[in-house]
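Enquirer: The structure under discussion is supplied below as structure tokens; questions concerning it will follow.
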DNA sequence: GTCTATATGAAGATAGAC
DNA sequence: GTCTATCTTCATATAGAC
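Residue numbers (the numbering used here), protein chains in the order written: chain A, 1 to 198; chain B, 1001 to 1198.
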């Protein structure tokens, strides 16, 4: 195997496994020792691939963003209507319910953590949210296209983000799956009503 | 001044000022050096009042809970109807908008932070949320008393918690006050509609 | 009760042998 | 490219003089 390929492969393994670790421990409690352990790479070796812990975070977020973009593109081919796509988005917390209950939303909790006196890192974490926000705005634009709605697509997208973040926070705190189920059903009704007001 | 009074006074000063510090830095990034600095007490001296950092957290949360209980009791005398009280609750993020934009919700962000592999501490943080949750449930019970509503008061309370947590998260990430304003108005309409369905 | 000095451990990061 | 040994810094926590 060529040298560059090997490097890329090990680097990818570190990033993939650190993604999960970051989610479960948070950024500040995640140490290089932890990273080395889950990545199955000698501790000092991580520094061959990443200069600093911030660099690791950056790589993990970029990896996450790649996955999100790919997922959203797939959805656009698999679900023909914006209503279906928006409902699919709202399903995420329910599909990931065990993890949401145990650790919260990976995107929201990271933003909350870094939002406290680590603004340069929070800016990185925000990029994840931007991906969803932009995509949701696009879907809502299509949804309410010829409906003189009194709310803009951007506002509707923000509202949907608020609902998914809120239910992740509360269901996480109360360790209660039924909250997710109920709230997702509410969201589906609300999305239907957005179309119905023609 | 009697010895016991002096101790209580210094202890209270540490707790009050650490409350703010905890909010702004989060638990894991808040060091004893920071605490000593904001409390204006020599570093090693904190240990006379608190054995561990966890003990400081416990005291701060107890202090917060006391303040919350007092506030809610005041509301019950100042606002005669449950509708007014619920609207007053929804106003909190708007009243605290600068701080919410900069640091998020003090209660929600603490829960999110401690919810990751620090479950014994998260249990403490959850107690804050319980205070609001129980009080909101009580208000919703009064609100929908004789209305055969299809949603229970507990579910409505959880939904309101979700909305306030969600808007805190999103407005914090996007540093956008207008989100708070818009969402609080939405909540007020929703609360009105809860009564209107008689 | 107050404060200083310090023990102890773990973190991020580096140097350099292999 | 890989891995070990180690540097430095800063954290929590303690001992003990005053």
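Cβ coordinates follow ideal geometry from the N, Cα and C atoms, glycine included. None of the values given here were measured: they were computed from a predicted structure.
1) How is the alpha helix (DSSP H) around residue 1079(B) delimited, first residue to last?
2) Give the residues of chain A in contact with residue 1172(B), contact being defined as C-beta atoms less than 8 Å apart.
3) Please decide whether residue 1169(B) counts as near chain A, where near means a Cβ-Cβ distance under 8 Å.
4) So, at 7 Å on beta carbons, what are the nonlocal neighbours of residue 1126(B) in its own chain, with the 5 sequence-adjacent residues on each side left out?
5) Given a cut-off of 8 Å on the beta-carbon distance, is the pair residue 1131(B) and residue 1058(B) in contact?
6) Return helix, strand or coil for residue 106(A), following the three-state DSSP convention.
7) For a contact defined as C-beta to C-beta under 7 Å, what are the partners of residue 25(A) on chain B?
8) May I have the straight-line CA-CA distance separating residue 199(A) from residue 1005(B), to the nearest angstrom?
9) Starting from residue 1189(B), trace the alpha helix (DSSP H) in both directions and tell me its first and last residue.
10) Hey, quick one: how far does the alpha helix (DSSP H) through residue 1126(B) stretch, first residue to last?
11) Residues of chain A with CB under 8 Å from residue 1097(B), in chain order?
12) So, are the CB atoms of residue 117(A) and residue 1025(B) less than 8 Å apart?
13) Going by DSSP, what residue range makes up the alpha helix (DSSP H) through residue 166(A)?
14) With distances taken from CA atoms, which of 1139(B), 1061(B), 1055(B), 1010(B) is nearest residue 1088(B)?
15) What does residue 161(A) touch in chain B if you count any residue whose Cβ is under 8 Å from its own?
16) So, do the stretch 39-58 of chain A and the stretch 88-104 of chain A have three or more beta carbon pairs nearer to each other than 8 Å?
17) Give the secondary structure of residue 32(A) by DSSP, where H, G and I count as helix, E and B as strand, and everything else as coil.
18) For residue 85(A), which residues of its own chain have a beta-carbon under 8 Å away from its beta-carbon, when the five flanking residues on both sides are left out?
19) Are any of the Cβ atoms in chain A nearer than 8 Å to that of residue 1155(B)?
20) Cβ atoms of residue 56(A) and residue 10(A): under 8 Å apart, would you say?
21) Report the option in 1018(B), 1023(B), 1028(B) whose CA atom is closest to the CA atom of residue 1037(B).
22) Out of 1144(B), 1176(B), 1136(B), 1154(B), state which residue places its alpha-carbon closest to the alpha-carbon of residue 1193(B).
Expert: To lay it out plainly:
1) Per DSSP, residue 1079(B) belongs to no alpha helix (DSSP H) and is neither H nor E.
2) 111, 112, 115
3) yes
4) 1111
5) no
6) helix
7) 1116, 1117
8) Here chain A covers residues 1 to 198 and nothing more, so residue 199(A) does not appear.
9) 1177-1196
10) 1119-1143
11) Ordered by position in chain A, no residue passes the 8 Å Cβ test against residue 1097(B), which lies about 15 Å from the chain.
12) yes
13) 153-174
14) 1139(B)
15) 1166, 1170
16) no
17) helix
18) 75, 76, 79, 139
19) yes
20) no
21) 1018(B)
22) 1144(B)
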